[in-house]
Amino acid sequence: MIKRLLGVIPVVFGVLLLTFLLVHLVPGDPVDVMLGESATQADRTELRADLGLDRPLVIQFATYLNKLAHGDFGRSIHTQTPIANLLAERLPATASLAITALLIALCLGLPLGIVAALKQHQWPDKLATLLSLTLSAMPHFWLGPLLMLVFALWLGWLPVSGMDGVASMVLPALTLGFGLAAILTRMTRASLLEVLHEDFVRTARAKGLPERMVILHHALRAALLPVVTVIGLQLGSLLAGAVITETVFGWDGVGRLLVESIEKRDYPVTQACVLVIALIYVLVNLLTDFLYARLDPRVRFTV
Amino acid sequence: MNMKLNWTIAVIMLWICVALASVFFNHHADAIDLDHILSTPNLQALLGNDDLGRDVLARLMVGAQTALTVALLVSIITLSFGTAVGLIAGYFGGWVDRLLMQITDVFLAFPGILLAIAFAAVLGPGLNNLLLALCLTSWVGYARLTRAQALALRHRQHVLAAQALGASVPRIMFKHMLPLLLAPLVVEATYSIAGLVIAEASLSFLGLGIQAPHASWGGMLRDGVRYLLIAPHYVLAVGVSLMSLVLAVNVLGDQLRDAWDVKRNNADR
């Protein structure tokens, strides 16, 4: 367990280094790009000094790390607001959207996958496979507008976009959740099919347990373990998918903040959003691994 | 099996033909016709017109060309680079392996398309930067896959025999190890092409990829969403096209995987 924990350190360091270097990838002078043509020389010098771009790269990185350690993400060039405040304002919206999407995906994906596996090669299996294949071929920027068209414009059941109340969350959450549901369906089906051929399932059947007990208590418990890992990994793509989904539906979360900052060339904000999303992803994966070790009696981290 | 294979290949071939044919529609696709702004499908424009009165079908065809060109170019580059990295890591092992895998770990710490968005954001929009951003982020999967397989292959007897006979390292890698890796790599590349079609469209949708007036599916969807209420045919035409291509390529990937009995590592997706 400690080994896994230590293994995270170089990854986090690499993530910090890469996000730090992002600003230096800007072709030409980043200060010129950020301030535009009309800025005065005084403004440029000030911003350059403010961002520390006039100092050696190593010192810049050390300052960057030191500031981050104190929870200081810098300031937005556009509004001069501390970025930490912007993130604190936007993170809850993204978190609630992602968690709702995850719940939708679990409620759809797991039952569909289980039914598909139990009725292999019959119509429920074919239907579930067709559904999950189609959904995984629908990126958020196509599924989102489609749901909007059907449920908001044609049927008029839900608001088109915005953030007023629960109703406005339904469409973005469905958009994010459907894609994950498709992956979970396929994973659950494959995993359960594999487990159904294991010896312990045969043993459970042989000792005369009712089929429902065999499936629920023996097969499913083992089959859902790999699914736990997938959920951890996919929570990351939920966060990345939120960037597009939030843009489609005008949902004011971190993803939209990222896109807005790119449009305004507010690179410190871009940097901070990318960093926060990546760090959350690393953390979630770490927690997933620990959860996996807890759930699976066969896995024990060496201490 | 054969029936299904024909279906997916037919759809993919259709889009390749459309992309090739689109060369003849390049001029037509950018022709602005202010009398037909957002017209519904009609005889002149079978899929209607967009917000500048341009022919949606013609732009869709050019968009297919953009999507396929980007996806194929990026997969060829990243397949070569990623495989080389994986072979080196897996063959040499030790600190080389640890260093290279540490680097891939950092890249994998950025979920999905996030890193490509970040690169495209700082590099600026345009086709070249789009290609660069996608290349920088898509080699990792191939590297991990190749490395895992190469680790196992390194101790196979035919590799040991080649070593004992004094074969050079590149010869062992390319003649004795690479051929055994081809099946999983081709399967991975197939899925990756579908992923890249989506990635290109995502970046263009966010305004980070292909720039107007050049047609791309992502950019068209971005415009289409703006006029969803008055011209739903626009979004529907582009969305269905994108979906059919991605679906066909993904199913082809599944079929190849099953046919060649490739076991995929889900952790890398």
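Protein chains in written order, with our numbering: chain E, 2 to 304; chain W, 47 to 315. Every residue gets a Cβ at the ideal spot worked out from N, C-alpha and C, and that includes glycine. Quick caveat, the model's predicted, so the values are computed rather than measured.
Considering only C-alpha positions, which residue in the set E:Q121, E:K127 and E:F250 is nearest to A174 (chain E)? Position 173 of the first sequence, counted from the start, is the residue given in the question as residue 174 (chain E). Among E:Q121, E:K127 and E:F250, the Cα nearest to that of A174 (chain E) belongs to E:F250.
Should the stretch 126-136 of chain W be regarded as contacting the stretch 224-242 of chain W, the criterion being three or more beta carbon pairs within less than 8 Å? With a cut-off of 8 Å, the stretch 224-242 of chain W and the stretch 126-136 of chain W count as touching, because enough Cβ pairs lie within range.
Could you give the distance in angstroms between the alpha-carbon of L131 (chain E) and the alpha-carbon of L172 (chain E)? Counted from its first residue, the first sequence places residue 131 (chain E) at position 130. Counted from its first residue, the first sequence places residue 172 (chain E) at position 171. When rounded, the distance between both Cα atoms is 22 Å.
Using only alpha-carbon positions, find the residue among W:L293, W:V295, W:D304 and W:L274 that is nearest to S85 (chain W). Stepping through the second sequence from its first residue, residue 85 (chain W) is reached at position 39. With distances taken between Cα atoms, S85 (chain W) lies closest to W:L274.
Spatial neighbours of A183 (chain E) in its chain, beta-carbon cut-off 7 Å, leaving aside the 5 residues before and after: Indexing the first sequence from 1 puts residue 183 (chain E) at position 182. Here the set comprises S133, L136 and S137.
Any C-beta of chain W within less than 7 Å: which residues of the stretch 154-166 of chain E qualify? Identification of residues in the stretch 154-166 of chain E having a C-beta nearer than 7 Å to some C-beta of chain W yields L154, given in sequence order.
For V317 (chain W) and chain E, any beta-carbon pair shorter than 9 Å? Limits of chain W in this structure are 47 at one end and 315 at the other, which puts residue 317 (chain W) out of reach.
Would you say M59 (chain W) lies against chain E (beta-carbon separation less than 9 Å)? Here residue 59 (chain W) is taken as the residue at index 13 of the second sequence, counted from 1. Judged by the 9 Å Cβ criterion, M59 (chain W) is not in contact with chain E.
As a quick exercise: from E:L48, E:V13 and E:G15, pick the residue whose alpha carbon is nearest that of D30 (chain E). Position 29 of the first sequence holds residue 30 (chain E). Of the residues E:L48, E:V13 and E:G15, the one whose Cα lies closest to the Cα of D30 (chain E) is E:L48.
Look at the alpha carbon of R315 (chain W) and the alpha carbon of S184 (chain W), and state the distance between them as a whole number of angstroms. Counting from 1 along the second sequence, the entry for residue 315 (chain W) is found at position 269. Counting from 1 along the second sequence, the entry for residue 184 (chain W) is found at position 138. Low local confidence applies: a pLDDT of 36 at R315 (chain W) is under 50, so the model's placement there is unreliable, with the coordinate-based value given in what follows. Taking the straight line joining both Cα atoms gives about 12 Å.
Who are N95 (chain W)'s beta bridge partners in DSSP? If you number the second sequence from 1, residue 95 (chain W) lands on position 49. The partner list for N95 (chain W) (beta bridge, DSSP) reads W:D101.
To be precise: take each residue of the stretch 235-246 of chain W, compare its Cβ to all Cβ atoms of chain E, and keep it if any distance is under 7 Å. Which residues remain? I244
Would the stretch 243-262 of chain W and the stretch 136-151 of chain W be scored as touching if the rule is three or more Cβ pairs under 8 Å? no
Give the residues of chain E in contact with L288 (chain W), contact being defined as C-beta atoms less than 7 Å apart. Walking along the second sequence from the start, residue 288 (chain W) turns up at place 242. Near L288 (chain W) (Cβ distances below 7 Å), the residues of chain E are W143.
I'd like to know if V244 (chain E) contacts chain W, where contact means its C-beta is closer than 9 Å to some C-beta of that chain. Stepping through the first sequence from its first residue, residue 244 (chain E) is reached at position 243. Chain W, which has a Cβ nearer than 9 Å to the Cβ of V244 (chain E), makes this yes.
Any idea what DSSP makes of R187 (chain E), helix, strand or coil? Translated into the one-based positions of the first sequence, residue 187 (chain E) becomes position 186. Three-state DSSP puts R187 (chain E) in a helix.
Any 3 or more C-beta pairs closer than 8 Å across the stretch 203-212 of chain W and the stretch 148-168 of chain W: Counting Cβ pairs under 8 Å, fewer than three are found: no touch.
Would you say S248 (chain W) lies against chain E (beta-carbon separation less than 9 Å)? As a position in the second sequence, residue 248 (chain W) is number 202, starting the count at 1. True, the Cβ-Cβ gap to chain E drops below 9 Å.
What would DSSP say about N312 (chain W), mapped onto helix, strand or coil? Translated into the one-based positions of the second sequence, residue 312 (chain W) becomes position 266. Confidence at N312 (chain W) is low in this model, with a pLDDT of 43, below 50, so the placement of that residue should be treated as unreliable; the coordinate-derived value is given next. Of the three classes helix, strand and coil, the one that applies to N312 (chain W) here is helix, per DSSP.
Step through the CB atoms of chain W and report whether any lies within less than 9 Å of the CB of Y282 (chain E). In the first sequence, residue 282 (chain E) corresponds to position 281, counting from 1. True, the Cβ-Cβ gap to chain W drops below 9 Å.
Pick from W:H222, W:R193 and W:G187 that is closest to I239 (chain W), judged by C-alpha positions: Residue 239 (chain W) sits at position 193 when you count from the first residue of the second sequence. Selected option, being the one with the closest Cα: W:G187.
With DSSP collapsed to three states, give me the class of R76 (chain E). Numbered from its first residue, the first sequence carries residue 76 (chain E) at position 75. Of the three classes helix, strand and coil, the one that applies to R76 (chain E) here is strand, per DSSP.
Is P83 (chain E) helix, strand or coil when you go by DSSP? By one-based count along the first sequence, residue 83 (chain E) stands at place 82. In the structure shown, the three-state DSSP call for P83 (chain E) is strand.
L69 (chain E) versus D165 (chain E) - alpha carbon distance: The residue given as residue 69 (chain E) occupies position 68 in the first sequence. The residue given as residue 165 (chain E) occupies position 164 in the first sequence. Near 33 Å, if we compare the C-alpha coordinates of D165 (chain E) and L69 (chain E).
I60 (chain E) versus E:M2, E:V196 and E:F21, residue with shortest Cα-Cα distance: As a working note, residue 60 (chain E) is residue 59 in the first sequence. The option with the nearest alpha carbon to I60 (chain E) is E:F21.
Is it true that the CB of W61 (chain W) sits closer than 9 Å to the CB of A110 (chain W)? Counted from its first residue, the second sequence places residue 110 (chain W) at position 64. Counted from its first residue, the second sequence places residue 61 (chain W) at position 15. For A110 (chain W) and W61 (chain W), yes; Cβs fall inside 9 Å.
Rounded C-beta distance between L191 (chain W) and E234 (chain W)? I'm assuming under 8 Å. On the second sequence, position 145 is the one that residue 191 (chain W) refers to. On the second sequence, position 188 is the one that residue 234 (chain W) refers to. Between E234 (chain W) and L191 (chain W) the Cβ distance is about 6 Å, and since that is below 8 Å, they are a contact.
Does DSSP put H218 (chain E) in a helix, in a strand, or in coil? In the first sequence, counting from the first residue as 1, residue 218 (chain E) sits at position 217. Looking at H218 (chain E) - three-state DSSP - the assignment turns out to be helix.
Would S126 (chain W) be called buried (16 or more neighbouring beta carbons within 10 Å of its own) or exposed? Your numbering for residue 126 (chain W) matches position 80 in the second sequence. By the C-beta density criterion, S126 (chain W) is exposed, having fewer than 16 other C-beta atoms within 10 angstroms.
Integer Cβ distance of V285 (chain E) from L226 (chain E), believed to fall under 8 Å: If you number the first sequence from 1, residue 285 (chain E) lands on position 284. If you number the first sequence from 1, residue 226 (chain E) lands on position 225. Contact doesn't hold; Cβ gap of about 17 Å is too wide.
Less than 9 Å between the C-beta atoms of P146 (chain E) and L267 (chain W), yes or no? Here residue 146 (chain E) refers to the residue found at position 145 of the first sequence. Here residue 267 (chain W) refers to the residue found at position 221 of the second sequence. Cβ distance < 9 Å, so P146 (chain E) and L267 (chain W) count as in contact.
Rounded to whole angstroms, what is the Cα-Cα separation between P278 (chain W) and F179 (chain E)? Along the second sequence, read from residue 1 onward, the residue named residue 278 (chain W) stands at position 232. Along the first sequence, read from residue 1 onward, the residue named residue 179 (chain E) stands at position 178. Distance between the alpha carbons of P278 (chain W) and F179 (chain E) is about 22 Å.
In whole angstroms, give me the CA-to-CA distance for R190 (chain E) and I83 (chain W). Numbered from 1 along the first sequence, position 189 holds the residue referred to as residue 190 (chain E). Numbered from 1 along the second sequence, position 37 holds the residue referred to as residue 83 (chain W). Their Cα atoms are separated by approximately 47 Å.
Any beta carbon of chain W sitting closer than 9 Å to that of Y65 (chain E)? Counting from 1 along the first sequence, the entry for residue 65 (chain E) is found at position 64. By this cut-off, Y65 (chain E) is not an interface position.
Neighbour flag for S77 (chain E) against chain W, beta carbons, 9 Å: Counting from 1 along the first sequence, the entry for residue 77 (chain E) is found at position 76. Judged by the 9 Å Cβ criterion, S77 (chain E) is not in contact with chain W.
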